[in-house]
Amino acid sequence: MPALLRIGRTLRRTLLQAIPTLLGIVILNFFLLQLAPGDAADVMAGEAGSATAEGMAALRSRFGLDNPLLVQLGHYLNNLAHFSLGFSPRYGMPVADLIAQRLPGTLTLMAVALAVAILLGVILGSFMATFAGRIPDRLLSIFSLLFYSIPSFWIGLMLIVFFSVKLGWLPSGGAGTIGSRLTGLPALLDKARYMVLPATSLALFYVAIYARLTRASMLEVKNQDFVRTAYAKGLTPFGVTARHILRNALIPITTMAGMHIGGMLGGAVVVETVYSWPGLGRLAFEAVMGRDFTVLLGILLLSSLLVIIANAAVDIIHAWLDPRIGAR
Amino acid sequence: MSTIDSGSFRGLAAQRPFAVEHEAPATSAADNGAAWSNMKAPDARSQQSAAVAVTNGRRALKVFLSNPNALFGTGFLAFVILIALAAPLLYPDDPLSMVGRPFLWPGQNASFPLGTDSLGRDVLAGILHGSRISLFVGLMATALGLTFGVLVGSTAGYFGGWIDDILVRLIEIFQTLPSFVLLVVLVAIAQPSAATVTLAIAVISWPTVARLTRAEFRAIREKDFVVAVRSLGYGHARIIFREILPNALPPIIVTSSVMVATAILMESALSFMGLGDPNVVSWGSMIGTGRELVRTAWYLTALPGLAIVFTVLALNLIGDGLNDALNPRFSQDR
Numbered sequence: 018m019p020a021l022l023r024i025g026r027t028l029r030r031t032l033l034q035a036i037p038t039l040l041g042i043v044i045l046n047f048f049l050l051q052l053a054p055g056d057a058a059d060v061m062a063g064e065a066g067s068a069t070a071e072g073m074a075a076l077r078s079r080f081g082l083d084n085p086l087l088v089q090l091g092h093y094l095n096n097l098a099h100f101s102l103g104f105s106p107r108y109g110m111p112v113a114d115l116i117a118q119r120l121p122g123t124l125t126l127m128a129v130a131l132a133v134a135i136l137l138g139v140i141l142g143s144f145m146a147t148f149a150g151r152i153p154d155r156l157l158s159i160f161s162l163l164f165y166s167i168p169s170f171w172i173g174l175m176l177i178v179f180f181s182v183k184l185g186w187l188p189s190g191g192a193g194t195i196g197s198r199l200t201g202l203p204a205l206l207d208k209a210r211y212m213v214l215p216a217t218s219l220a221l222f223y224v225a226i227y228a229r230l231t232r233a234s235m236l237e238v239k240n241q242d243f244v245r246t247a248y249a250k251g252l253t254p255f256g257v258t259a260r261h262i263l264r265n266a267l268i269p270i271t272t273m274a275g276m277h278i279g280g281m282l283g284g285a286v287v288v289e290t291v292y293s294w295p296g297l298g299r300l301a302f303e304a305v306m307g308r309d310f311t312v313l314l315g316i317l318l319l320s321s322l323l324v325i326i327a328n329a330a331v332d333i334i335h336a337w338l339d340p341r342i343g344a345r
Numbered sequence: 018m019s020t021i022d023s024g025s026f027r028g029l030a031a032q033r034p035f036a037v038e039h040e041a042p043a044t045s046a047a048d049n050g051a052a053w054s055n056m057k058a059p060d061a062r063s064q065q066s067a068a069v070a071v072t073n074g075r076r077a078l079k080v081f082l083s084n085p086n087a088l089f090g091t092g093f094l095a096f097v098i099l100i101a102l103a104a105p106l107l108y109p110d111d112p113l114s115m116v117g118r119p120f121l122w123p124g125q126n127a128s129f130p131l132g133t134d135s136l137g138r139d140v141l142a143g144i145l146h147g148s149r150i151s152l153f154v155g156l157m158a159t160a161l162g163l164t165f166g167v168l169v170g171s172t173a174g175y176f177g178g179w180i181d182d183i184l185v186r187l188i189e190i191f192q193t194l195p196s197f198v199l200l201v202v203l204v205a206i207a208q209p210s211a212a213t214v215t216l217a218i219a220v221i222s223w224p225t226v227a228r229l230t231r232a233e234f235r236a237i238r239e240k241d242f243v244v245a246v247r248s249l250g251y252g253h254a255r256i257i258f259r260e261i262l263p264n265a266l267p268p269i270i271v272t273s274s275v276m277v278a279t280a281i282l283m284e285s286a287l288s289f290m291g292l293g294d295p296n297v298v299s300w301g302s303m304i305g306t307g308r309e310l311v312r313t314a315w316y317l318t319a320l321p322g323l324a325i326v327f328t329v330l331a332l333n334l335i336g337d338g339l340n341d342a343l344n345p346r347f348s349q350d351r
């Protein structure tokens, strides 16, 4: 079967499966957030310090908070159908704009962390698989388990103590030098300096997972007949490892990477609060604290969408890596 | 290990990938090693799945006890449990009360071996008492999540059909929602307390177990012994709990130790962000308050963090040991 057709079929199947999931998530989130005590009008009145009953009622009717539940849900779904995520009373701007402001920050952080984690994890894992059962493997196994046990917010704080406070090498928070007029490459380098610590804190946990996964799947593949054949026809050990073992071992790693998008988003919430990184995670935290449910609903929906897209991307990568998958 | 032994282990091992095919992401990397379906040719797989998985309890125990890492993990966990039980006896006073001069560094004053924080509270008392909430939340959330996950997963896997379709859809919804974001939302809505944090962690952790249990049940329900008891006229509940569940337990046991570790990490992250029980001292909340002073008094952040790291590490070592003992797939590599 031609590769494009295979990928097309995979894509269609994934999209068809995603629609009911997404609808379920929207409805579930909506009813979940209705359970919360107090609404946005309560919070605004509380922050203003004084509010009359009439003022509260006016606020509620302005934002449609006084309508019956099903009507509110209907409005929300209707808005979604028009690609509008609603209006945040607290920030005084559309939720879609608010999220669009913060999304790039989180996406860059996640992308860098994921890339670092996969790269380091695959290297460490290949190393462990090569020395399986011997001292380097055992040591690295324990180290990877240690990385796996460290809370990201704690290692974040410890990295700040070491690299920003003691050594003064890297900035302790933020996403760029404030008021700097750098452009081009220097600006990119400036951003990169602010990226190092948050991305490392977020990546460390996943380095451990990918290292162990790479090790396990490489050991599994190593015993397969086609590897013996590859050796038998005289390929170099490096060639066999890179072209035959690693390529096949990559499939579970890409699966896991797709599944980790959701987890990374959660990790980003914590890491972003540690480094005051201007991203979606911090926005989610502020929204929870301010009881701004429209924003929260938008973030949850959008991050679920992100997970669905990531899974679709993984399916497509699989269809490309392994011709047998799309043919099913 | 004799050659016959390793031969039969290989057979068992090869059977395992099919069973854990749909395993979820949050479990340890080790038992996810075979979470893909295209490693073996399809005909070989169906043949392997016909073999019945038998785990010899005594052999598993022997493997577990001969693993130094797992023994270290068990020992350390026992130590933490002991501390949690003994904390009210060793430090009967409220760990949140002020007892000494603030900002004493560890070792400065013999009566406060780990120093005091910005309000003059004893750090050691806080860490000892903090183990109680961490273990409570970790164990209770896992117990709840396991119960619900096993119930849903076994129902879906055993009955199949439209029940399976609906439950799988439900599991998928929960697994698509970013779990920590959902956790933050749940706790914020329900107001933070030890009970709500526990419940919320259980809510986000059951889908993993459900998915795993469902996969195991789907593989086991076709086996001959299940067909045999069905023909004897056993009821559904008896077949599920007495016949299939014991055979599906090994991967669930491995997952549960990792679940406790994850639950402890999640609880600490929540209380770090100020979403923990405000009336109880916990490792996460100690880090959260120490964070403001991380430039000057970094020991306030470092010490509770080390407690988390070692407890979670101990649980992960146990999980690894259990995995090696119950799932002999890689035993030939060790």
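Residue numbers (our numbering), protein chains in the order written: chain A, 18 to 345; chain B, 18 to 351.
Where a beta carbon is used, it is the ideal one built from N, C-alpha and C, also for glycine.
If S346(A) and I116(A) are in contact, beta carbons under 8 angstroms, what's the gap, nearest whole angstrom?
Beyond the ends of chain A as shown, which are 18 and 345, falls residue 346(A); an answer cannot be given.
Provide the residue span of the alpha helix (DSSP H) that contains F180(A), from first to last.
Run containing F180(A): none; DSSP gives neither H nor E here.
In angstroms, rounded to a whole number, what distance separates the CA positions of T27(A) and A336(A)?
7 angstroms
In chain order, what residues of the same chain have a beta carbon less than 8 angstroms from the beta carbon of L82(B), not counting five sequence neighbours either side?
L88
Does the segment 207-214 of chain A touch the segment 141-153 of chain A, meaning 3 or more C-beta pairs lie closer than 8 angstroms?
no
Run of the alpha helix (DSSP H) containing P168(A), from where it starts to where it stops
P168(A) -> no alpha helix (DSSP H), and no H or E assigned at all.
Report yes or no: do the segment 180-191 of chain A and the segment 100-111 of chain A share at least 3 C-beta pairs separated by less than 8 angstroms?
no
Indicate the three-state DSSP secondary structure (helix, strand or coil) for M290(B) in the structure shown.
coil
Do L297(A) and T125(A) come within 8 angstroms of each other at the CB atom, strictly closer than that value?
no
Check the Cβ of S358(B) against every Cβ in chain A and list those closer than 9 angstroms, keeping chain order.
This structure cannot speak to residue 358(B), because chain B is shown only from 18 to 351.
Measure from the C-beta of W179(B) to each C-beta in chain A and report whether the shortest distance is under 8 angstroms.
no
Span of the alpha helix (DSSP H), counted from its first residue to its last, around E189(B)
G178 to T193
Where the alpha helix (DSSP H) containing S143(A) begins and where it ends
V112 to T147
With 8 angstroms as the threshold, decide whether the Cβ of N264(B) is near any Cβ in chain A.
no
Assumed close pair A278(B), V329(B) - CB separation to whole angstroms, cut-off 8 angstroms:
5 angstroms
Say whether the segment 311-328 of chain A touches the segment 209-222 of chain B, bearing in mind that this needs 3 or more beta-carbon pairs closer than 8 angstroms, one atom from each stretch.
no
With DSSP as the reference, label D139(B) as helix, strand or coil.
strand
Test item: CB-CB of N230(B) and A265(B) under 8 angstroms:
It is worth fixing the name first, because residue 230(B) is Thr in this sequence and not Asn. Contact: yes.
Please list, in chain order, the chain A residues whose beta carbon lies closer than 9 angstroms to that of F289(B).
P168, F170, W171, V287, T290 and V291
Let me make sure I understand the geometry here. Which of L343(B), V297(B) and L334(B) has the alpha-carbon closest to that of R347(A)?
Residue coverage of chain A in this structure runs from 18 to 345, which leaves residue 347(A) outside it and unanswerable.
Mapping the DSSP letters down to three states, classify S105(A) as helix, strand or coil.
strand
Would you give the residue range spanned by the alpha helix (DSSP H) that I270(A) belongs to?
R264 to V291
Reference S148(B); option with closest CA among L343(B), L332(B) and P321(B)
P321(B)
So does the segment 263-273 of chain A actually touch the segment 170-185 of chain A, counting three or more Cβ pairs closer than 8 angstroms?
no
For the ligand SAM, is there a heavy atom less than 7 angstroms away from the beta-carbon of A130(A)?
No copy of the ligand SAM appears in this structure; indeed no ligand is present at all.
Return the residues of the segment 218-233 of chain B that lie within a Cβ-Cβ distance of less than 8 angstroms from chain A, sorted by chain order.
none
To the nearest angstrom, how far is the alpha carbon of G185(B) from that of M283(B)?
Just to set this straight, residue 185(B) is Val in the shown sequence, not Gly. Cα to Cα, the separation comes out at about 25 angstroms.
Can you tell me where the alpha helix (DSSP H) holding E233(B) begins and where it ends?
A211 to I237
Interface partners of E189(B) on chain A, CB under 7 angstroms
T38
Distance between Y316(B) and Y227(A) (C-alpha atoms, nearest Å)
31 angstroms
Taking the alpha carbon of I325(A) as the point to measure from, which residue in V238(A), L40(A) and Q118(A) has its own alpha carbon closest?
L40(A)
In chain order, what residues of the same chain have a beta carbon less than 6 angstroms from the beta carbon of I100(B), not counting five sequence neighbours either side?
L145 and S148
So which of L300(A), G307(A), M235(A) and L338(A) has the shortest CA-CA distance to R119(A)?
L300(A)
On a CA-only basis, which of R308(B), M276(B), G336(B) and S274(B) is nearest F289(B)? Give me that one, please.
R308(B)
Can you list, in chain order, the residues of its chain whose CB lies under 8 angstroms from that of G24(B), leaving out five sequence neighbours each side?
Because G24(B) sits at a pLDDT of 32, beneath the cut-off of 50, its placement in the model cannot be relied upon, and the point is left open.
Spatial distance of Y108(B) from L292(B) (CA atoms):
25 angstroms
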